[in-house]
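The structure appears below as structure tokens.
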Amino acid sequence: MDSIIDFEALKVATKMAVVSSLAELKQKSNDAPLIAYALCTDDCVMTLFSVACTGEWLDSKIDKEQFLLPTEWDLYTQEGHFKPVYELLLEKERKRDTIEYEDKFEEIVQLTFNAIVLALKELRNEHIFSENIYLSVQSTDPGEDILAMSAKAINQLNSDNIVQEWAKWTYTYC
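So my numbering is basically just the index in the sequence shown, starting at one, shifted up by 44.
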């Protein structure tokens, strides 16, 4: 399966893109501390971009649960940070339609998603993100499979307090 995409290269490229994107996000936020950072994709994991929000942004919202909805956040980055990631994902898509991989679509999506989650997890462990920053990997228009993967990722990437807040929100609104 590894021949469809180099998952280690994807993880490394994602980490580099995240670190690069953080500089732009901090500039856009006028150095206000970020309280959340997410990588957004689609259900086939063919795209990837980052979004974030600050406490100031959240304080301006009546609906505080928007904290847990990355597609609603106000800070996003330009595509250039993720160009090496796109190239790897594009190569995966070119190979995915070959006979060798035609029956492995779900497995390929899962492995690709997991590599992206692992990149964020390693960055958290390297203290690029503090423990109080909510991290997630989510689809912009999720189906059931990606929702399940995103929920698992939230548990892997965040402190117990953040996970409990997310679970309470999910129970209340979903």
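Just so it is clear, CB atoms sit at the ideal spot from N, CA and C, and this is done for glycine as well.
_Using 8 Å as the threshold, is the C-beta distance between Q200 and K165 below it?_
yes
*Can you name, in chain order, every residue of its own chain whose Cβ lies under 7 Å from the Cβ of S64, other than the five neighbours on each side?*
H125
_Beta-carbon spacing of A61, V129 below 8 Å_ = yes
*Taking the alpha-carbon positions, what's the F51 to V153 distance?*
11 Å
*Of all the options E135, S104 and F111, which has the alpha carbon lying nearest to the alpha carbon of K89?*
Contrary to the premise, residue 89 reads as Val rather than Lys in this sequence. Among E135, S104 and F111, the Cα nearest to that of V89 belongs to E135.
*Quick one: give me the first and last residue of the alpha helix (DSSP H) that F51 is part of.*
F51 to K72
_Assigned secondary structure, A76 (DSSP; H/G/I helix, E/B strand, else coil)_ = In this structure, A76 counts as coil in the three-state DSSP scheme.
*Span of the alpha helix (DSSP H) around L113*: Element bounds for L113: n/a, residue is neither H nor E.
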